[in-house]
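Colleague: Sequence lines, in order, name chains A and B.
Using this note's numbering, you'd call the opening residue of the first sequence number 1 and step up by one each time.
Using this note's numbering, you'd call the opening residue of the second sequence number 1001 and step up by one each time.
Right, I'll just put the structure down here and ask away after.
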Amino acid sequence: MTRPATQRIVAVLVIGLLLFVWELAVAWGWLRVYQFPPPSRIADGLREMVTTGFPTGITIWSHTLTTLWRILQGYAAAVALAIPVGLVIGAFPTLDRLTASVVVFCRSVATLSLLPLAIVWFGAGELTKVVLIGYGCFWVMLSNVIAAVKQVDPALVRAGRSFGLSGPRLYREVVLPAATPRMFAGARMALGVGFMVIVGAEMIGTIEGLGALIMEARSFYRSEITILGMAVIGLLGFAISGGLGWLQGRLLPWESGLDAVRR
Amino acid sequence: MEDAFRGGIRNAALRHVCVRTPSVMPARVDHDAVAPAFGGAPSDAIIEIDGVTKRFPGRPGPAVTVLDPIVLRIADNAFVSIVGRSGCGKTTLLNILAGLETPSDGEVRIAGIPVRGPGQGQGVVFQQHALFPWLTAAGNVAFGCRDPALSKADRAERAAELLRLVGLEDAAAKYPREMSGGMQQRVAIARALALDPRILLMDEPFGALDELTRIEMQHELLRIWSARRKTVVFVTHSISEALILSDRIIVLAANPGRVILDLDVDLPRPRGRADPALLAHYERIWAEISA
């Protein structure tokens, strides 16, 4: 038997044992059900979420789709706006100096602290949620785009200049491609922020979405459903991050250099 | 990138005219038969450096003079090395020749034309890591062939030819990250040769390579140079590298950067590293640098 296979079996056994102990601990009254819902309870919750839904009629699928759609709108708008703005700011050092403090300030304001104002401005509907997600994603993406452009290796710029390139052509043909890996990393970070913001953004004015599900379940002492909501968010983040990593490898094959020859 | 080459000329004859860049260049004699000219007779000088100085504003304090007035004539097809300690201004001088920096005073002329910027017949090979990592070996070389008169197919063909010249025809599809340091610098040389420049400027191109690769690359450079005769200005801080390669060695001192020795190396190639004549030159240069 190969080593990785052994390790996998051990890992499964350990997790299985842990779940078993957890189950027993609740059954024997060491842990309270609503604080630490046992695996069997979570499994029941999952069955309920898939069939009748919670609150009744809203299945786990529609919660997930609603959340994904909100994140997608806010995220896409943020990235689409941050890339051109960042590229312009990064191109002009003066502009960068002028805007640097604003960018740091806005990025540092915790997105959820904007929730009350956002409700006043945009109401408690869909728009507020999308705007909040967009806000969180935008500043992270923007500062990464600016940094990506600023951190381009001067040796590459000099090489480009030695072929007579300057101005916009130098920017487009050398600076831009050289900045793409960092911009891609920024896009992944921004998406992570989107997932962090979503729970808070869905706390008010809706009963649909994973964040709303988590809060709603809490008020009914349905901790197992809260746990399910958390798990789905974790899985989504995991899957999307992996997907973006795969996409990055496809779009920027030169960056990973998997079959690198090292001498 | 596409639009730059939309005007690609299909007519082969016309293309040929466009590719041979500055038309001012004197008719070149058979490359292999002619030994490079030595010395600095102004008549056959392709590079004229006239009282070039470079000062940087000192913050705080007085301005720092990196180059004191430098006057040099470099003969066509010569292989000239510039040697000196770090901070002697050799890279600054090379950048001025490349048109990447402007002198504070004085002027550089290439084939009689004052240098106003890059792209006046200079090809530059930098230290390592100046290849574009997002382009393959062929892509990097083709990047150098950005003559608007060349169609995309012509550029690819030319890049392939140059990669053949540097012995890398099999590595055309590799990205810089997948290549060894020596291979990367071969690509850098091919890229610098892409527009058939009159002068090849090299800024410590083998400085980051290990000793064995470095020796290999020195031979490789001499082979390429004998195939494509160019005027080469080669910046290095290795005296032995300069001796193996050059027709002429210019030694700079620092603070301020100035010429302290201008030495013709009139030895046949290939040169042995232990050749007594070579070692005598070595001692001479070292004596000047350590003085």
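Here a beta-carbon is modelled for each residue, glycine too, at the ideal position from N, C-alpha and C.
Nearest CA to the CA of S113/A: which residue from S40/A, L24/A, V197/A?
Modeller: Stepping through the first sequence from its first residue, residue 113/A is reached at position 113. For the residues S40/A, L24/A, V197/A, the minimum Cα distance to S113/A belongs to V197/A.
Colleague: Which residues in chain A sit within 8 Å of H1219/B, going by Cβ to Cβ distance?
Modeller: On the second sequence, residue 1219/B is found 219 positions in, with the first residue counted as 1. Within 8 Å Cβ-Cβ: nothing; H1219/B doesn't reach chain A, min ~18 Å.
Colleague: Let me check understanding here. Comparing Cα to Cα, which of L1261/B, L1278/B, L1267/B, E1220/B lies closest to A1291/B?
Modeller: Residue mapping note: residue 1291/B aligns to position 291 of the second sequence, counting from 1. Of L1261/B, L1278/B, L1267/B, E1220/B, the residue nearest in Cα terms is L1261/B.
Colleague: What residues in its chain sit with their C-beta under 6 Å from that of M215/A, if we drop five residues either side in the sequence?
Modeller: The residue given as residue 215/A occupies position 215 in the first sequence. Closer than 6 Å at the Cβ level, and outside the excluded window around M215/A, lie M203.
Colleague: Whose C-alpha, out of I1199/B, K1090/B, Q1128/B, is nearest the C-alpha of G1181/B?
Modeller: Position 181 of the second sequence holds residue 1181/B. Ranking I1199/B, K1090/B, Q1128/B by Cα distance to G1181/B puts Q1128/B first.
Colleague: Among all the DSSP beta bridges, which residues are the ones paired with P1114/B?
Modeller: Taking the first residue of the second sequence as position 1, residue 1114/B is located at position 114. Answer is R1109/B, bridged to P1114/B.
Colleague: Consider the Cβ of G164/A: report whether some Cβ of chain B lies at a distance smaller than 7 Å.
Modeller: Taking the first residue of the first sequence as position 1, residue 164/A is located at position 164. At least one chain B Cβ lies under 7 Å of G164/A.
Colleague: Which residue from A1045/B, P1103/B, S1151/B, P1133/B puts its Cα closest to that of P253/A?
Modeller: As a first step, residue 253/A must be located in the first sequence, where it is residue number 253. Nearest C-alpha to P253/A: P1133/B.
Colleague: Is there at least one Cβ from chain A nearer than 7 Å to A1291/B's Cβ?
Modeller: If you number the second sequence from 1, residue 1291/B lands on position 291. It does not; no Cβ of chain A falls within 7 Å.
Colleague: Below 7 Å between beta carbons: does that hold for I1070/B and I1047/B?
Modeller: The sequence position of residue 1070/B within the second sequence is 70, counting from 1. The sequence position of residue 1047/B within the second sequence is 47, counting from 1. Taking 7 Å as the Cβ cut-off, I1070/B and I1047/B do not qualify as a contacting pair.
Colleague: Given 8 Å as the limit, is there contact between the stretch 95-114 of chain A and the stretch 153-168 of chain A, that is, 3 or more CB pairs closer than that?
Modeller: no
Colleague: Can you name the residues of chain B whose CB is closer than 8 Å to the CB of A155/A?
Modeller: The residue given as residue 155/A occupies position 155 in the first sequence. At a C-beta separation below 8 Å, A155/A has these neighbours in chain B: F1126, Q1127, H1129, A1130.
Colleague: For I1244/B and Q1218/B, I'd like the C-alpha separation in whole angstroms.
Modeller: The residue you call residue 1244/B lines up with position 244 of the second sequence. The residue you call residue 1218/B lines up with position 218 of the second sequence. I1244/B and Q1218/B have their C-alpha atoms some 8 Å from each other.
Colleague: Could you run through the stretch 1082-1109 of chain B and flag, in chain order, every residue whose CB is less than 7 Å away from some CB of chain A?
Modeller: A1098, L1100
Colleague: Consider the C-beta atom of E1178/B and the heavy atoms of the ligand ZN; say whether any pair is separated by less than 6 Å.
Modeller: Absence of the ligand ZN is noted for the structure shown, with no ligands found whatsoever.
Colleague: According to DSSP, is K1152/B helix, strand or coil?
Modeller: Your numbering for residue 1152/B matches position 152 in the second sequence. DSSP places K1152/B in the helix class (H, G or I) of the three-state scheme.
Colleague: Report yes if the CB atom of P1176/B is closer than 7 Å to the CB atom of Q1185/B, and no otherwise.
Modeller: Here the question's residue 1176/B lines up with position 176 in the second sequence. Here the question's residue 1185/B lines up with position 185 in the second sequence. Going by C-beta atoms, P1176/B is not nearer than 7 Å to Q1185/B.
Colleague: Secondary structure at F1079/B, three-state DSSP: helix, strand or coil?
Modeller: What you label residue 1079/B is simply residue 79 of the second sequence in a count that begins at 1. Here F1079/B sits in strand by DSSP.
Colleague: Does DSSP put M1179/B in a helix, a strand or coil?
Modeller: Mapped onto the second sequence, residue 1179/B falls at position 179. Looking at M1179/B - three-state DSSP - the assignment turns out to be coil, as it is neither helix nor strand.
Colleague: Mind pulling the alpha helix (DSSP H) runs of 4 or more residues that sit fully within the stretch 101-141 of chain A?
Modeller: 115-122
Colleague: Under 6 Å Cβ to Cβ from I9/A, same chain only, skipping five residues before and after it: list those, please.
Modeller: The sequence position of residue 9/A within the first sequence is 9, counting from 1. Within the same chain, I9/A has no close Cβ partners at all.
Colleague: What is the rounded straight-line gap between the Cα of A1277/B and the Cα of W1286/B?
Modeller: Residue 1277/B sits at position 277 when you count from the first residue of the second sequence. Residue 1286/B sits at position 286 when you count from the first residue of the second sequence. Those two C-alpha atoms are separated by around 14 Å.
Colleague: On a Cα-Cα basis, can you pick out the residue from L1135/B, Q1122/B, S1238/B, T1213/B that is closest to V1232/B?
Modeller: Sequence index remark: in the second sequence, residue 1232/B carries index 232 (1-based). V1232/B has its Cα closest to that of Q1122/B, out of L1135/B, Q1122/B, S1238/B, T1213/B.
Colleague: Keeping to the same chain, check which residues put their C-beta closer than 6 Å to that of K1090/B; ignore five residues upstream and five downstream.
Modeller: Within the second sequence, the letter at position 90 stands for residue 1090/B. Here the set comprises I1082, G1084, V1235, L1252.
Colleague: Examine chain A for any beta-carbon lying closer than 7 Å to the beta-carbon of Y1282/B, and answer yes or no.
Modeller: Taking the second sequence and counting its residues from 1, the one referred to as residue 1282/B is at position 282. Closer than 7 Å: no.
Colleague: Quick one: what does DSSP say R1073/B is sitting in, helix, strand or coil?
Modeller: What you label residue 1073/B is simply residue 73 of the second sequence in a count that begins at 1. Of the three classes helix, strand and coil, the one that applies to R1073/B here is strand, per DSSP.
Colleague: Out of A201/A, G29/A, L244/A, G229/A, which one is the CA nearest neighbour of R345/A?
Modeller: Because residue 345/A is not part of the residues shown, which for chain A are 1 to 263, the question remains open.
Colleague: Take the Cβ of S268/A as the centre, count every other Cβ of all protein chains shown within 10 Å, and call the residue buried at 16 or more, exposed below.
Modeller: Any answer about residue 268/A is impossible in this case: the structure gives chain A only from 1 up to 263.
Colleague: Please list the partners that P177/A has in chain B, where partner means a Cβ-to-Cβ separation under 9 Å.
Modeller: Along the first sequence, one-based indexing puts residue 177/A at 177. Here the neighbours are F1132, P1133, W1134, L1135.
Colleague: From the DSSP output, in three-state form, read off E1048/B for me.
Modeller: The sequence position of residue 1048/B within the second sequence is 48, counting from 1. The answer is strand: DSSP assigns E1048/B an E or B state.
Colleague: Should N1255/B go down as buried or exposed, given a rule of 16 or more other Cβ atoms within 10 Å for buried?
Modeller: The residue labelled residue 1255/B in the question sits at position 255 within the second sequence. A residue is called buried when at least 16 other Cβ atoms come within 10 angstroms of its Cβ; N1255/B does not meet this threshold and is exposed.
Colleague: Excluding sequence positions up to five away, which residues of its chain have a Cβ less than 8 Å from the Cβ of A27/A?
Modeller: To locate residue 27/A, count along the first sequence from 1; it is residue 27. So the qualifying residues of the chain are P38.
Colleague: Using a Cβ cut-off of 7 Å (strictly closer), state whether G257/A contacts chain B.
Modeller: Here residue 257/A refers to the residue found at position 257 when the first sequence is read from its first residue. Unreliable placement is indicated for G257/A, whose pLDDT of 44 sits below 50; no coordinate value is reported for it.
Colleague: Checking contacts by CB at 7 Å: is P1205/B closer than that to chain A?
Modeller: Taking the second sequence and counting its residues from 1, one reaches residue 1205/B at position 205. Taking a beta-carbon distance threshold of 7 Å, P1205/B does not count as an interface residue toward chain A.
Colleague: Using the C-alpha atoms, what's the distance from L1267/B back to N1095/B?
Modeller: Working through the second sequence from its first residue, we reach residue 1095/B at position 95. Working through the second sequence from its first residue, we reach residue 1267/B at position 267. Distance between N1095/B and L1267/B, taken at the CA atoms: about 29 Å.
Colleague: Determine the direct distance from the alpha carbon of V1265/B to that of A1041/B, and round the result to whole angstroms.
Modeller: Stepping through the second sequence from its first residue, residue 1041/B is reached at position 41. Stepping through the second sequence from its first residue, residue 1265/B is reached at position 265. At A1041/B, the pLDDT of 42 sits below 50, so the modelled position is not reliable; the number obtained from the coordinates is stated separately. Each residue's alpha carbon lies about 16 Å from the other.
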